[in-house]
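Novice: Sequences listed follow chains F and D, in order. End of the first sequence sits at 445 in UniProt numbering; the numbers just go up one at a time, nothing left out. End of the second sequence sits at 209 in UniProt numbering; the numbers just go up one at a time, nothing left out.
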Amino acid sequence: MNIWKISIKNLKNKAFYTGLSIIILALSITLLLGIKQIQQSFKYQTENNLGNIDMVIGAKGSPLQLILASVLHIDNPTGNISYTEAKTLAKNRLIKSAIPISYGDNYKGYRIVGTNNNFYTLYNAELNNGRFANTAMEVVIGATIANKLNLKLGDTFKSAHGLIDNTVDVHDNELTVVGILKPTEKVIDRLIITPLETIWDVHNHNDEVHNENDENEHNHDEDAHKTEEEHTHEHTHNDTHEHEEHHNIEKHSDNHEEDHAHENKQITALLVTFRNPMGLLTLPRKINDTSNLQAALPKYELDRLYEFTSIGFKTITWIAYLILIISGITIFINLYKMVKERAYDLALLRSYGASNFQLIKMVFYEGFIAAFLAFILGLTIVKIGTYALIKFSNLGMKAHIIQPLNIQDGIQIAVLVFIMVTLSIAFAIYPILKMNISTILSNEK
Amino acid sequence: MIQTQNLTFQYKNSSNVLSFPNIHLKTNEHLLILGKSGIGKTTLLHLLAGLLSPKTGNIAINNVNISTLNSKKLDKFRGSNIGMVFQKKHAIPSLTVFENLKARLYFSKKEKPDSYLNQTLEQLHLTDFKNSKVNEISEGQLQRLGIALSVIHNPQIILADEPTSSLDNENCKAVIKLLIEQAEKNNAHLIVITHDERIMPFFNNTLTL
Chain F
1 MNIWKISIKN LKNKAFYTGL SIIILALSIT LLLGIKQIQQ SFKYQTENNL GNIDMVIGAK
61 GSPLQLILAS VLHIDNPTGN ISYTEAKTLA KNRLIKSAIP ISYGDNYKGY RIVGTNNNFY
121 TLYNAELNNG RFANTAMEVV IGATIANKLN LKLGDTFKSA HGLIDNTVDV HDNELTVVGI
181 LKPTEKVIDR LIITPLETIW DVHNHNDEVH NENDENEHNH DEDAHKTEEE HTHEHTHNDT
241 HEHEEHHNIE KHSDNHEEDH AHENKQITAL LVTFRNPMGL LTLPRKINDT SNLQAALPKY
301 ELDRLYEFTS IGFKTITWIA YLILIISGIT IFINLYKMVK ERAYDLALLR SYGASNFQLI
361 KMVFYEGFIA AFLAFILGLT IVKIGTYALI KFSNLGMKAH IIQPLNIQDG IQIAVLVFIM
421 VTLSIAFAIY PILKMNISTI LSNEK
Chain D
1 MIQTQNLTFQ YKNSSNVLSF PNIHLKTNEH LLILGKSGIG KTTLLHLLAG LLSPKTGNIA
61 INNVNISTLN SKKLDKFRGS NIGMVFQKKH AIPSLTVFEN LKARLYFSKK EKPDSYLNQT
121 LEQLHLTDFK NSKVNEISEG QLQRLGIALS VIHNPQIILA DEPTSSLDNE NCKAVIKLLI
181 EQAEKNNAHL IVITHDERIM PFFNNTLTL
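Structure, rendered in structure tokens:
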């Protein structure tokens, strides 16, 4: 028998109140840990996936959507832009590097990104085995894809149109895996990288097939034009922006002969790194004011997104702190009540030879056992919640957004709970310090 | 040996100073202290147990002047050398009968084998209830547990506060016999305070306050 055992027995003896205290405290810990985890996931996304991208140039539309789609790969693109125009912009002396990307296809839900080999440097990605893709229809896959889809070097697959896995709109061309990347813990782990030509060739081929059919079935009347519109729609991968579609239709019609010329190809976005801060100050405004393109700043847009979401975070955080204080008060009330109600027990223990310090230790142990159990319960709920979120919410390739809880954050909340519980106990032990053993044992109080 | 000299006590917020006659008990001697309610019997008992500090005077138990011990030493001394039986029958409710005895030994800082505890429980007819919680046993069993708790650590003095006040004649006799038996078995002094004159025949030494 020792003080620990007596404390545990005491807690068991009033299981209902102990359970209630633990649940309330666990709830606030869950909220605090959960919020920390979500905030951390956002922060991680911002810091880890931006790489060296200072600016993204894409089609007009929502700048945030452009960033989410082209940098974090979790949204649909705003539309396509002319590769020629993009290349002209890239020659600006304020731009250090400009990496074109084009996407709109997937394989089993994983995005296929057409780009050049500079794309890997954004994420410091290295090959695990194989080589980088040099020609059309060759692909390099991220570590997660290799693992999840069990793809190996030399394996071939056919991509599907759109960004969601489907078996209906599958392209005819087979893509061959020539390289597998090492894990980076970045978005590139979940991307299929291929030269830009792959995207263009796959869609040109589809366009040609469609065009042949059009010629057979339609004249160049209104109906035929409508069909072309649909083709262009596919070609640009723009499912949402009618304006952009219209722009593309006109372009497609006007430059029909040059349709397959490299210069008139389209890309989804250009990932830009500035040479110096002057670029940041002048280029975005210049592009947005004087061209049909849109320049968006990832850091600014994600900070803006974070600002929006942080209102919610802050509210929930304050609610969690409030619950933490309430649970602290609950612990205090329970312990205080215990000390008062069990005054005779405590006095009896003093008559057994127990010191005041031993009685205080007993109360501390009871408080800390409850707090420890609450922390473990809170942590378990957060872990199970995160697992359930990833497992059952069909996040798919977005699941990497959820980051494991940072140990430092866990410790920070544990310290906070420790301080709160210590304060609750410190107030609760006051009656012990003021206890008159003789009066209590005389049954006078 | 127990010896008190010129013992007085004054409660806070009270102008009344309680004075107690000197006590001198030789080895294995027992004492019955009689007195009306409010005369200070329990106060004297708590002074002897070191639960209260005297205003003046000394209390020597086996040549240790407990009036001069600091709080820590007094706790230790009380835990090792004194056993108390209270008027209110009570034990720690979250523990079983057996665990109560273990807890008593823990705070007394005395080691006893489980067989010794079982033997004590058997003597007090509590063996069948050793794993019962305190609230699962009868008043009589709880009183016997109180006696077991007062002797399990082999104290030098057993102090009993009105142990028979609520008992019928038969039980009164049984309880006082049990206390004397346990005191003699442990070579301890037994000091009983009571206003119950039924137990007078069991004591050679009597002090009336």
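Each residue gets a CB set at the ideal place from its N, CA and C atoms; glycine is no exception.
Under 8 Å between the Cβ atoms of Ile413 of chain F and Leu32 of chain F?
Specialist: Yes; because the gap between Cβ atoms is below 8 Å, this pair is in contact.
Novice: List the residues of chain F that Ser37 of chain D touches, going by C-beta distances under 9 Å, in chain order.
Specialist: Near Ser37 of chain D there are no residues of chain F at all, since even the closest Cβ is about 11 Å away, more than 9 Å.
Novice: Mind checking Ala135 of chain F: buried by the 16 CB within 10 Å criterion, or exposed?
Specialist: First, the amino acid is wrong: residue 135 of chain F is Thr here, not Ala. So Thr135 of chain F ends up on the exposed side.
Novice: Under the DSSP definition of a beta bridge, which residues are partnered with Gln10 of chain D?
Specialist: DSSP output for Gln10 of chain D lists D:Val17 as bridge partner(s).
Novice: Quick check: the segment 114-123 of chain F against the segment 157-172 of chain F, are there 3 or more CB pairs under 8 Å?
Specialist: The segment 114-123 of chain F vs the segment 157-172 of chain F: no contact.
Novice: Between which two residues does the beta strand (DSSP E) harbouring Ala59 of chain F extend?
Specialist: Unbroken beta strand (DSSP E) run through Ala59 of chain F: Met55 to Ala59.
Novice: Using a Cβ cut-off of 9 Å, pull out every chain F residue sitting near Arg78 of chain D, in sequence order please.
Specialist: Within 9 Å Cβ-Cβ: Arg350, Ser351, Tyr352 and Gly353.
Novice: Could I get the ranges of all uninterrupted beta strand (DSSP E) runs contained in the segment 72-135 of chain F, with 3 residues as the minimum, in chain order?
Specialist: Runs found: 95-107, 110-115 and 127-130.
Novice: Give me the DSSP bridge partner(s) of Thr206 of chain D.
Specialist: DSSP output for Thr206 of chain D lists D:Leu32 as bridge partner(s).
Novice: Return yes when the Cβ of Tyr306 of chain F is within less than 8 Å of the Cβ of Ile3 of chain F, no when it is not.
Specialist: Against a cut-off of 8 Å, the Cβ pair of Tyr306 of chain F and Ile3 of chain F comes out as no contact.
Novice: Counting beta carbon pairs with one atom in the segment 153-160 of chain D and one in the segment 113-131 of chain D, are three or more of them shorter than 8 Å?
Specialist: Too few Cβ pairs lie closer than 8 Å, so no.
Novice: Between F:Asn334, F:Thr422, F:Leu349 and F:Thr330, which lies nearest to Leu27 of chain F when the distance is taken from Cα to Cα?
Specialist: It is F:Thr330 whose Cα lies nearest to the Cα of Leu27 of chain F.
Novice: Does the segment 298-318 of chain F come close enough to the segment 121-137 of chain F to have 3 or more Cβ pairs within less than 8 Å?
Specialist: Result no; under three Cβ-Cβ pairs closer than 8 Å.
Novice: Sorted by chain position, which residues of the same chain lie with C-beta nearer than 7 Å to Tyr344 of chain F's C-beta, five sequence neighbours on each side aside?
Specialist: The residues are Ile440.
Novice: Measuring CB atoms only, is the segment 134-147 of chain D touching the segment 102-118 of chain D, in the sense that at least three cross pairs come out at less than 8 Å?
Specialist: Not touching, per the Cβ criterion.
Novice: Kindly list, in the order they appear in chain F, the residues whose Cβ is closer than 8 Å to that of Phe107 of chain D.
Specialist: Correct list: Leu349, Tyr352, Gly353, Ala354 and Gln358.
Novice: So, for Pro77 of chain F: in the same chain, excluding its five sequence neighbours on each side, which residues have a beta-carbon less than 6 Å away from its beta-carbon?
Specialist: Within the same chain, Pro77 of chain F has close Cβ partners Ala69 and Thr268.
Novice: Under 7 Å Cβ-Cβ, which residues of chain F neighbour Arg104 of chain D?
Specialist: Result: Tyr352.
Novice: Beta carbon of residue 452 of chain F, beta carbon of Ile81 of chain F: below 8 Å?
Specialist: Chain F is shown from 1 up to 445; residue 452 of chain F falls before or after that span and cannot be answered.
Novice: Using the Cα positions of Ile176 of chain D and Leu335 of chain F, report the straight-line distance between them to the nearest angstrom.
Specialist: About 38 Å.
Novice: Determine the burial state of Leu389 of chain F: buried for a count of at least 16 other Cβ atoms within 10 Å of its Cβ, exposed for fewer.
Specialist: Exposed is the call here.
Novice: Just list the alpha helix (DSSP H) runs in the segment 314-370 of chain F, keeping only unbroken ones of 4 residues or longer that don't cross its boundaries, in chain order.
Specialist: Within the segment 314-370 of chain F, the complete alpha helix (DSSP H) runs of at least 4 residues are 343-352.
Novice: In whole angstroms, what separates the C-alpha of Asn70 of chain D from that of Ser355 of chain F?
Specialist: Taking the straight line from one Cα to the other gives about 12 Å.
Novice: Given this structure, state the Cα-to-Cα distance separating Tyr387 of chain F from Gln37 of chain F, to the nearest angstrom.
Specialist: Their Cα atoms are separated by approximately 13 Å.
Novice: Can you look up His195 of chain F in the DSSP assignment and give me helix, strand or coil?
Specialist: Rather than His, the amino acid found at residue 195 of chain F in this sequence is Pro. In the structure shown, Pro195 of chain F sits in a strand (DSSP, three-state: E or B).
Novice: What residues from chain F crowd round Ile61 of chain D, counting only those whose CB sits closer than 9 Å?
Specialist: Here the premise fails: no neighbours, minimum Cβ distance about 14 Å.
Novice: From Ile92 of chain D to Val134 of chain D, what distance separates their C-alpha atoms?
Specialist: In a straight line, the C-alpha of Ile92 of chain D is about 7 Å away from that of Val134 of chain D.
Novice: Using 8 Å as the limit for Cβ to Cβ distance, is Lys340 of chain F near chain D?
Specialist: No, Lys340 of chain F does not count as interfacial toward chain D.
Novice: Could you give the C-beta distance for Ile24 of chain F and Ser327 of chain F, rounded to a whole number, given that I count them as a contact under 8 Å?
Specialist: That pair is a contact at about 4 Å.
Novice: Looking at the secondary structure, which residues open and close the beta strand (DSSP E) in which Lys158 of chain F lies?
Specialist: Here the beta strand (DSSP E) through Lys158 of chain F covers Thr156 to His161.
Novice: In whole angstroms, what separates the C-alpha of Gly179 of chain F from that of Leu94 of chain F?
Specialist: Rounded to the nearest angstrom, the two C-alpha atoms are 33 Å apart.
Novice: Span of the alpha helix (DSSP H) holding Leu142 of chain D?
Specialist: Start and end: Glu139 to Val151.
Novice: Could you work out which residues of chain F lie near Phe86 of chain D, taking near to mean beta carbons separated by less than 7 Å?
Specialist: Result: Leu441.
Novice: When the cut-off is 8 Å and only beta carbons count, does Lys55 of chain D lie next to chain F?
Specialist: Taking Cβ atoms only, chain F never reaches closer than 8 Å to Lys55 of chain D, which makes this a no.
Novice: Return the chain-ordered list of same chain residues with a C-beta closer than 7 Å to the C-beta of Leu167 of chain D, the five sequence neighbours on each side being excluded.
Specialist: Answer for Leu167 of chain D: Val175, listed in chain order.
Novice: Can you tell me the Cα-Cα spacing of Val140 of chain F and Ala98 of chain F, whole angstroms?
Specialist: Their Cα atoms are separated by approximately 20 Å.
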